[in-house]
Amino acid sequence: MSTDQHPGASGGMDEATLARFADLVVGFGANVQPEQIVAIGAEIGKEHLARALAASAYRAGAKFVDVQYFDLHVKRARVEFSREELLPFVPSWYGERILELGRQRCARIGLTGPSAPGLLDDLDPARVGKDPLPFLKESGQVVNERTTNWTAVPCPTPQWAQLVHPELDPVAAYAKLCEQIVHVCRLDEEDPIAAWTARADALVSTAARMTDIGYDALHFTGPGTDLTVGLLPTSTWMAARFETVDGITHMPNLPSEEIFTAPDPLRVDGVVRSTKPLVVGGSIIRGLEVEFRDGRAVRIDADEHADVLRGYAARDEGAARLGEVALVDGDGRIGALDTVFFDTLLDENAASHIAIGSAYQFTAGEADHPRLNQSQIHIDFMIGGPDVDVHATPRGGGDRVPVLVGGAWKI
17 MSTDQHPGAS
27 GGMDEATLAR
37 FADLVVGFGA
47 NVQPEQIVAI
57 GAEIGKEHLA
67 RALAASAYRA
77 GAKFVDVQYF
87 DLHVKRARVE
97 FSREELLPFV
107 PSWYGERILE
117 LGRQRCARIG
127 LTGPSAPGLL
137 DDLDPARVGK
147 DPLPFLKESG
157 QVVNERTTNW
167 TAVPCPTPQW
177 AQLVHPELDP
187 VAAYAKLCEQ
197 IVHVCRLDEE
207 DPIAAWTARA
217 DALVSTAARM
227 TDIGYDALHF
237 TGPGTDLTVG
247 LLPTSTWMAA
257 RFETVDGITH
267 MPNLPSEEIF
277 TAPDPLRVDG
287 VVRSTKPLVV
297 GGSIIRGLEV
307 EFRDGRAVRI
317 DADEHADVLR
327 GYAARDEGAA
337 RLGEVALVDG
347 DGRIGALDTV
357 FFDTLLDENA
367 ASHIAIGSAY
377 QFTAGEADHP
387 RLNQSQIHID
397 FMIGGPDVDV
407 HATPRGGGDR
417 VPVLVGGAWK
427 I
């Protein structure tokens, strides 16, 4: 066993499980190819998984592994002390690096999960919302161009564990979070790849049925929610099984339990209440409620830190409109845990969700590409759950029909 234990190792993943997790991410999630360059994006505190992923990638024949760490404490210093007009600035080479990864057909792996919960809570939310990092708008471009095989995965840390399980002592909380991540990533299966392949097959099949049926709009109803989301004539439902322009199949979110598509950014109306907290730029937004009119978010309220999301929604013309609508059924492993993870990757796969900002070009036919929402941002927030039902209006008109009721598909 290595003597270089990761933080909280006594209560978290052992070295064998960590290596098995890394192999699943590298070999299946990102599907790293021999002699590929692999870019890993992490935050300070996530070195244990970044190093395991690097070792796995080199075992898989990677040409080079480039690990880039983001330090939320440095972001805090910027938000606290920088002149406000400078906060939106991002050095050009940040975006150029992402574009070059696409040009060189690299693999990308991102590690999610809050690394320093609450670090920005005492700062002006409006100022926090003006600093976009670590999000880069160029990431959406390479995703749309399908030039990299990539995946995002949760990385357990003791700090994150205390946020999720504050009732437990630190060692027990970390052990619990690691146990949950092992479960939702299907690492507790004898053959995790076979388990994920079966689940992805089911999601792809459901997405294909949704596309074949063809709906004009979706209607979400539940506590505090009465929202209609219009769809485009060529809206195409997809699951998180992608293929690059060079034919490399990969799973961009691990875990993933959703199907998703592009809405009509001009036809969203009503009020929606988030069913889970949202972590944006280091701030935790609780009790989020958004009102849409003619596609635009005209009111953003929350119990805490509403100004953070307001700042993001004011970033550009498309930032206050929807770029994604996603449905999650009750058969996934995340929702059944009844746990708020404070991590979009996990929480969005526990519940149906929408995203303000940019749309994915491949979720609509070419005829509708000019109508897709464009923005520098893409922020998902969760609006679904067992008590939120989804009905749909057929394209040809007529009465609404059930699509997802009580977490069960009705199509």
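So the sequence shown is residues 17 to 427, counted in the working numbering. Cβ atoms here follow ideal geometry from the backbone N, Cα and C, with glycine treated the same way.
For residue i, the three-state DSSP class (helix, strand or coil)
| i | result |
| --- | --- |
| Ala233 | strand |
| Ala55 | strand |
| Leu117 | helix |
| Trp253 | coil |
| Tyr376 | coil |
| Leu361 | helix |
| Ala408 | strand |
| Ala132 | coil |
| Ser299 | strand |
| Ala366 | coil |
| Leu102 | helix |
| Glu382 | helix |
| Gly414 | coil |
| Glu112 | helix |
| Thr260 | coil |
| Glu273 | coil |
| Leu149 | coil |
| Gly401 | coil |
Spatial distance of residue i from residue j (CA atoms)
| i | j | result |
| --- | --- | --- |
| Asp396 | Ile372 | 7 Å |
| Pro281 | Gly238 | 22 Å |
| Asp207 | Met226 | 29 Å |
| Ala424 | Pro249 | 25 Å |
| Val417 | Glu320 | 36 Å |
| Val209 | Glu101 | The sequence shown places Ile at residue 209, not Val. Approximately 48 Å between the Cα atoms of the pair. |
| Gly230 | Pro410 | 7 Å |
| Gly126 | Gly57 | 5 Å |
| Asp30 | Cys194 | 10 Å |
| His131 | Gly61 | First, the residue type needs correcting, since residue 131 is Ser and not His in the sequence shown. Distance between the alpha carbons of Ser131 and Gly61 is about 7 Å. |
| Ser72 | Thr291 | 37 Å |
| Gly129 | Leu88 | 12 Å |
| Lys146 | Gly327 | 6 Å |
| Val106 | Leu149 | 8 Å |
| Arg337 | Val404 | 22 Å |
| Ala233 | Thr244 | 7 Å |
| Val314 | Arg289 | 14 Å |
| Thr360 | Glu51 | 32 Å |
| Val284 | Ala408 | 13 Å |
| Gly381 | Asp262 | 20 Å |
| His64 | Ala366 | 26 Å |
| Gly45 | Ile300 | 28 Å |
| Ala335 | Ala32 | 43 Å |
| His22 | Glu183 | Only weak support is given to the placement of His22: the predicted model assigns it a pLDDT of 48, under 50, and the value that follows is read from those uncertain coordinates. Their Cα atoms are separated by approximately 23 Å. |
| Gln84 | Asp354 | 33 Å |
| Ala55 | Thr173 | 21 Å |
| Ala375 | Asp185 | 41 Å |
| Gly297 | Val42 | 26 Å |
| Pro5 | Asp242 | Here the chain has residues from 17 to 427 only, and residue 5 is not among them. |
| Gly28 | Phe151 | 28 Å |
Element boundaries [beta strand (DSSP E), containing residue i]
| i | result |
| --- | --- |
| Asp317 | 312-317 |
| Asn165 | 165-170 |
| Ser155 | Careful: Ser155 lies outside any beta strand (DSSP E), inside the alpha helix (DSSP H) at 153-161. |
| Leu388 | Careful: Leu388 lies outside any beta strand (DSSP E) and carries neither H nor E. |
| Leu88 | No beta strand (DSSP E) contains Leu88, which is instead part of the alpha helix (DSSP H) from 88-97. |
| Gly286 | 279-289 |
| Gly246 | 241-247 |
| Pro141 | Run containing Pro141: none in the beta strand (DSSP E); it sits in the alpha helix (DSSP H), 141-146. |
| Ile427 | From DSSP, Ile427 is part of no beta strand (DSSP E); its letter is neither H nor E. |
| Glu305 | 305-309 |
| Asp396 | 394-398 |
| Pro418 | 417-421 |
Where residue i falls, given that 16 or more other Cβ within 10 Å makes a residue buried
| i | result |
| --- | --- |
| Asp20 | Residue placement at Asp20 is poorly supported in this model, since its pLDDT is 37, which falls under 50; the coordinates are not used for a value here. |
| Arg215 | buried |
| Trp176 | buried |
| Gln120 | exposed |
| Trp109 | exposed |
| Arg124 | buried |
| Asp345 | buried |
| Glu274 | buried |
| Gly77 | exposed |
| Glu259 | exposed |
The alpha helix (DSSP H) enclosing residue i, as first and last residue numbers
| i | result |
| --- | --- |
| Ala177 | 174-180 |
What are the uninterrupted segments assigned as beta strand (DSSP E) that are 3 or more residues long and contained completely in the segment 182-237, given in chain order? Segments of the beta strand (DSSP E) lying fully in the segment 182-237: there are none.
*Taking only runs that begin and end inside the segment 29-84, name each unbroken alpha helix (DSSP H) of 4 or more residues, in chain order.*
31-40, 63-75, all fully within the segment 29-84.
My parser needs the alpha helix (DSSP H) runs of 4 or more residues fully inside the segment 320-360; what are they? Listed in chain order, they are 322-329.
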